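J.: Residue numbers (my numbering), protein chains in the order written: chain P, 1 to 322; chain G, 323 to 881; chain W, 882 to 1138.
Glycine included, each C-beta is placed from N, C-alpha and C at the ideal position.
Since this is a predicted model, take the numbers as computed values, not measurements.
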Amino acid sequence: MSTTLVFLEHHGEELLKGSLGVLSKAAALGDADVAGVVVGSGVRGLAQQAGKFGATKVYIADDPRLEAPLAQPRVDVLAQLVRDKGIETVLFGNSVLAADVAAGLAARLDAGLNWDLADLVQQDGKLVGKRPALQDSVYVDVGWKSEPRLALFRSGSFDPVETGGSADSEDVPVALEDFSASARMVDQAHESSEGPSIEDAPVIVAGGRGLGGPENFTLVEELAKALGGAVGATRAVVDAGWYPYSTQVGQTGKTVSPRLYIACGISGAIQHKVGMQGSGVIVAINKDPNAPIFEFADLGVVGDVHAIVPKLTELVNARKGS
Amino acid sequence: MTKPADIPPPFRAADYIAAPSDPADERIEVGILIVGAGPAGLACAIRLGQLLEDAPEIRERLGEVPVAVLDKGKQVGSHLLSGAVVNPRALRRLFRGRKRIDEMPFYGPVEDESVYFLTKNSSLRIPAPPTMKNEGNYVASLSRLGRWLAEQAEEAGAMLLPETAAEKLLLSDGRARGVRTGDKGRGRDGQPLGNFEPGADIVARVTVLAEGTQGHLTGVALDRFGLAGENPQVWALGVKEVWKVTRPLDRVIHTMGWPLRPGAKFREFGGSFIYPLGEDMLTLGMVVGLDYRDVELSVHDLLQELKTHPLVRKLLEGGERVEWGAKTIPEGGFLALPKQLHAPGLLICGDAAGLVNVPALKGIHYAIESGSLAAEAAFAALQPGQTPSTPGALSVYDESLKQSFVWKDLYEVRNMRPAFGRGFWLGGALAGAMTATKGHFPRRDLHLERDVDVELIRTERAKDYPAPDGKLTFDKLSSVFASGNKTRDDQPNHIVIRRDVPQEVAALWERMCPAQVYEATETGVEVTPSNCVQCGAITAKGGRLTPPEGGSGPEYKLT
Amino acid sequence: MKIAVCVKSVPEGNSRIDPGTNRLDRSGEGALNAFDANALEEALQLKDATGEGEVVLVSLGPAKAQDALRKALAMGADRAVLVTDEAAAGSDLVATSSVLAKALEREGADLVLFGQQARDSDGAVLWAAVADRLRLPVVSQAAEITHDGGKLTVKRQTEFGYDVIEAPLPAVVAVSDAINEPRYPSLKGIMGAKSKPQETVSLAELGVEPERAGETGSLTEVYALNDPPARGDSRKIEDDGNAAQAILDFLAEKRLL
Chain P
1 MSTTLVFLEH HGEELLKGSL GVLSKAAALG DADVAGVVVG SGVRGLAQQA
51 GKFGATKVYI ADDPRLEAPL AQPRVDVLAQ LVRDKGIETV LFGNSVLAAD
101 VAAGLAARLD AGLNWDLADL VQQDGKLVGK RPALQDSVYV DVGWKSEPRL
151 ALFRSGSFDP VETGGSADSE DVPVALEDFS ASARMVDQAH ESSEGPSIED
201 APVIVAGGRG LGGPENFTLV EELAKALGGA VGATRAVVDA GWYPYSTQVG
251 QTGKTVSPRL YIACGISGAI QHKVGMQGSG VIVAINKDPN APIFEFADLG
301 VVGDVHAIVP KLTELVNARK GS
Chain G
323 MTKPADIPPP FRAADYIAAP SDPADERIEV GILIVGAGPA GLACAIRLGQ
373 LLEDAPEIRE RLGEVPVAVL DKGKQVGSHL LSGAVVNPRA LRRLFRGRKR
423 IDEMPFYGPV EDESVYFLTK NSSLRIPAPP TMKNEGNYVA SLSRLGRWLA
473 EQAEEAGAML LPETAAEKLL LSDGRARGVR TGDKGRGRDG QPLGNFEPGA
523 DIVARVTVLA EGTQGHLTGV ALDRFGLAGE NPQVWALGVK EVWKVTRPLD
573 RVIHTMGWPL RPGAKFREFG GSFIYPLGED MLTLGMVVGL DYRDVELSVH
623 DLLQELKTHP LVRKLLEGGE RVEWGAKTIP EGGFLALPKQ LHAPGLLICG
673 DAAGLVNVPA LKGIHYAIES GSLAAEAAFA ALQPGQTPST PGALSVYDES
723 LKQSFVWKDL YEVRNMRPAF GRGFWLGGAL AGAMTATKGH FPRRDLHLER
773 DVDVELIRTE RAKDYPAPDG KLTFDKLSSV FASGNKTRDD QPNHIVIRRD
823 VPQEVAALWE RMCPAQVYEA TETGVEVTPS NCVQCGAITA KGGRLTPPEG
873 GSGPEYKLT
Chain W
882 MKIAVCVKSV PEGNSRIDPG TNRLDRSGEG ALNAFDANAL EEALQLKDAT
932 GEGEVVLVSL GPAKAQDALR KALAMGADRA VLVTDEAAAG SDLVATSSVL
982 AKALEREGAD LVLFGQQARD SDGAVLWAAV ADRLRLPVVS QAAEITHDGG
1032 KLTVKRQTEF GYDVIEAPLP AVVAVSDAIN EPRYPSLKGI MGAKSKPQET
1082 VSLAELGVEP ERAGETGSLT EVYALNDPPA RGDSRKIEDD GNAAQAILDF
1132 LAEKRLL
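1) Answer with buried or exposed for R766 of chain G, where buried requires no fewer than 16 other C-beta atoms within 10 angstroms of its C-beta.
2) Using a threshold of 8 Å, state whether the C-beta atoms of L491 of chain G and A480 of chain G are closer than that.
3) Can you give me the start and stop residues for the alpha helix (DSSP H) that M956 of chain W sits inside?
4) Which value, in whole angstroms, describes the spacing of the CA atoms of N317 of chain P and G125 of chain P?
5) Compute the distance between the beta-carbons of A488 of chain G and L539 of chain G, then report whether it is under 8 Å.
6) Is S800 of chain G close to chain P? Criterion is C-beta to C-beta, closer than 8 Å.
7) Among all the DSSP beta bridges, which residues are the ones paired with D1044 of chain W?
8) Specify the secondary structure class of G36 of chain P as computed by DSSP and reduced to three states.
9) Considering only their Cβ atoms, is the gap separating A558 of chain G from P660 of chain G smaller than 8 Å?
10) The ligand NAD and R447 of chain G: does any heavy atom of the ligand fall closer than 7 Å to the residue's C-beta?
11) For K1069 of chain W and V387 of chain G, I'd like the C-alpha separation in whole angstroms.
12) Thinking W565 of chain G and V634 of chain G are a contact (beta carbons under 8 Å), I'd like their distance in whole angstroms, please.
13) So which residues of chain G does R209 of chain P contact, with C-beta pairs closer than 7 Å?
14) Under 8 Å, CB to CB, which of the residues in the segment 1031 to 1054 of chain W have a partner in chain P?
15) Could you tell me whether the Cβ atoms of I354 of chain G and L370 of chain G are closer together than 8 Å?
16) Can you tell me whether S343 of chain G is buried or exposed, with buried defined as 16 or more other CB within 10 angstroms of its CB?
17) Since K808 of chain G meets chain P, which of its residues come closer than 7 Å, beta carbon to beta carbon?
18) For the segment 377 to 391 of chain G against the segment 425 to 445 of chain G, do three or more pairs of beta-carbon atoms, one drawn from each stretch, fall closer than 8 Å, so that the two count as touching?
19) Comparing C-alpha positions only, which one of W:K1075, W:E1047 and W:N914 sits nearest to S182 of chain P?
20) Quick one: what does DSSP say R502 of chain G is sitting in, helix, strand or coil?
21) Using DSSP bridges, identify the partner residues of L117 of chain P.
22) Can you tell me whether S722 of chain G is helix, strand or coil according to DSSP?
23) Under a CB-based cut-off of 8 Å, is V302 of chain P close to chain G?
24) Can the beta-carbon of N919 of chain W be found closer than 8 Å to that of Q997 of chain W?
25) For H11 of chain P, which residues does DSSP report across the bridge?
26) Since R1064 of chain W and E923 of chain W should fall inside the 8 Å C-beta cutoff, what is the C-beta to C-beta distance between them, to a whole number of angstroms?
27) Closer than 9 Å by beta-carbon distance: list the chain G residues that pair up with E1062 of chain W, in chain order.
28) Compare the C-beta of Y261 of chain P against all C-beta atoms of chain G and say whether one is closer than 8 Å.
29) Output yes if chain G places a C-beta closer than 8 Å to the C-beta of M1072 of chain W; else output no.
30) What residues in the segment 807 to 826 of chain G have a beta carbon less than 7 Å from any beta carbon of chain P?
31) By how many angstroms is the C-alpha of G86 of chain P removed from the C-alpha of L120 of chain P?
32) First and last residue of the beta strand (DSSP E) that includes S800 of chain G?
33) Please report whether the beta-carbon of M481 of chain G lies at a distance below 8 Å from any beta-carbon of chain W.
34) What residues match up with Q1079 of chain W in a beta bridge as DSSP calls it?
35) Taking just the CA atoms, how far does D791 of chain G sit from Q248 of chain P?
36) Can you check which of these residues, G:M608, G:T453 and G:V855, is closest to E627 of chain G by C-alpha distance?
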């Protein structure tokens, strides 16, 4: 059987949820042996985690030169691994690091890379990627002409599923090119205390005119905090000065695609819709039953945001506490 | 109720006039500056290219950039919108046989046409009024035609500068010297942002204003040079859509009647057009005079309502809206023309001058002809021994315009539009008499009333507008999106207007504006300038549109 | 310092897919990819800071990409090189990065800049592939660049905050759109752009075999276009006092908590 390799990224002592999701997906595809690769310094402990999520094997590249999360040394390691083991498919969950590694690897191996994929399926005997395009209004079927095949998935495409297995681990050699080792990390990022930025947030809670006034944005902030998300705003409220432009979602603001988007008091005009329609799940709360947002929300709630949002925040916090 | 005329906008023409102020080495010098890359401006550039080709010494004297054309849209065509059925006469003359009609981007000749009088559920075919016969004419998208004309203008040597707004008219010693372009990179309160780029003085030997309807500098120039005619200009608002359709339309259609109301008290003058654009698209629009009285009238929503009529619904079945736009049309015709269309160093062409034949719904060929004549006048004034800035040097423009078919056509139909101020039935009868007598009736010309002077009434018209279903009918914000408008939100407000206005005026503006720029509030009106598609309706009804940052506004492609 | 900025001409306005080719309809006017404007602005600022150097635009595209390049020249770049060749149409990442790398080798720049992504393909990957072919260090998502002699200090924006990375020149850097606000070209700049050198180069002149480019040289392919998967049943409820709980249950059901 061929092998599918999954790039497992970590932060601190944990493998990233995104990587584990891709690993679970690979295991579910069931058409190949699934191996993970962990790259860093002092990372042996992470190998065990991989086994629980579907890897039958974990390759470990553990070396002080790999401590900093820089892409090019990882390209060196992966390229050698793919060549040595004849790996046919390499999967990545998107992140700043993973995108650079995937693309560098594509060039190094002269291998096809399909990115921004939302799914991967077996179709007519071929591996086919599903790629949203044109502001998520179409899905394109993409494929590879040869092996190795590289795929980069949108973050949050898959949920990690624990299967409770275990994996064998194997150390792999680390030989770095001169140019790969020439950049150095002077200071590594510390977790920001303000919560995730709107571009990366897995959850966004957004407020619109229906909030009634700028002071009511605290409701939105509290819910965002409870859910570990970022705050978004519509053009109308940014224009009115209720919230900063950096949080504006929409045609003339940011385009976001979090796993969860909660729209509070937002009517859903198309200018806003095109900025968030790619979100995984959309919940809308608005007192106007005819608001256009109800046409495309997964859960529409006709009601008063001032009553519902604080109550929801309370419930979420209670559930977290328990 | 208060009329819009009672609360004039705080607009001062003098704010838009300046002497050249950039230091000489920073000033941009061109030979002839044309403001507006529409059919008039581009025809002017093309004709100049032809004339200069045969006069190398003159071209030499005009410097590195003999002909420059500015446009405030993102690209040529971004702000061009019309029906349109074009009379090819002026294009034939312009290209002097060097281009055939089949080389021009038309959607085909008019094969057949029908005029209908509509009621809510029925349509009555009526004979086409003689002024409206379209045999020998061609269907076009003005935006597309503009892009093609721009290519010809560039080939003829003109430099096109889109994304550039002409904000001020440069004058010194009573002569037009050029324009000052608008600043870019200002914030909501006018403050310079990080990438602030100030406008620049562009000086030229001759400045040609071809800005189209509600031309900004045209209004300023008419005021400064005292060129306004006896009658005020009046406007109609046209709102249109382009649709992909499953069955080709085989004819050009015009309608009158529903959804407009015929009673004299409503003063709802206008109708609709439906034109085929090739085999798989059509365009339809509603045009209504802005002298309407009902505060609740919304031309945008009348178009939505029109689409629910069985005749129209059938044409659009299975189709998809691909574009939307809106623009005003000057409707005063001959009676509203300025007394003179030139001043020292300055020429005015096209819709900016009001050269539109309302009963025939035609203006594009007049724009082209006037642009061409302006080019000839400018060229004549640049001959050795002449200078375009002496008073009268450009008077040959007015003279040649008066000798042309433009003048003759407009004169003949001069009283038709004012007749319709009396209501559909009486107006129709009067118009019939005018046609029969080729304009000799009436003996004394009628008068035009300013759109802002019209007394307002309020009915419950709005309750008949269809709720948007997102497939056949749409709301205003969806329409703004379909115009390609993605203007940045933090631009300064480019609409000069009083905010503390009475309820009825605020409501009037809210309904009137097809782009939902105005919102009536408890204290007056709120303005969302980034929605603006620069149609010009507000200028006709109590505010004043000035050009925003170059490159803003709609990005029309097929209108 | 010689800075090469990789730019792309992308279709203007709302994009459409050409049903014939299943690829983006590129028939309309082209515009400079908005994110590349950030890269160009950064290059111009770096050049302004040292007072000397050259900013050259490098692009792969059809002949009409010249219009977008002219706009970039109007902003202040010194010269443009467009690799244009029928054989290069439909190039994927592997093919594009090969061609661009060859063009960049030819320029021998000290610094190669990219914008954050291409609006038409939303690909945020090109620079890493090009850097690998050029065998140069690469730093992406640059929110700030400081140039000090032969090295760069780059503040990189990641999901976890900002890293600070040092890289020696020559290097490849991809800038995030947060790095600067691109300047508007001045009118003089626009008018002067026409006389700046705009070179076109074919694949043969670059020494790229045609099989390495275009659809032939691409290793990925497009099969079909589909509607997005149905969002699933959408539900609409009215608040009867329990809406918050209903939302919580819904989120739990969707495993979003």
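T.: On the basis of the supplied data:
1) Flag for R766 of chain G reads exposed.
2) no
3) Q947 to M956
4) 47 Å
5) yes
6) yes
7) W:R1037
8) Strand.
9) no
10) Annotation note on the ligand NAD: not contained in the displayed structure, which lists no ligands.
11) 12 Å
12) Actually they do not touch by this definition, with Cβ atoms about 10 Å apart.
13) Those within 7 Å of R209 of chain P in chain G number zero; the least Cβ separation is about 11 Å.
14) T1034, R1037, Q1038, T1039, E1040, F1041, G1042, Y1043, D1044, V1045, I1046, E1047, A1048, P1049 and A1052
15) yes
16) exposed
17) Within 7 Å Cβ-Cβ: Q251 and T252.
18) no
19) W:E1047
20) strand
21) P:F153
22) Three-state result, S722 of chain G: helix.
23) no
24) yes
25) P:E14
26) 11 Å between Cβ atoms; not a contact.
27) G507, L515, G516 and N517
28) Taking Cβ atoms only, chain G never reaches closer than 8 Å to Y261 of chain P, which makes this a no.
29) True, the Cβ-Cβ gap to chain G drops below 8 Å.
30) Within the segment 807 to 826 of chain G, the qualifying residues are K808, R810, D811 and D812.
31) 21 Å
32) Counting along the chain, S800 of chain G falls outside any beta strand (DSSP E), though it belongs to the alpha helix (DSSP H) covering K798 to A804.
33) yes
34) W:A961
35) 27 Å
36) G:M608
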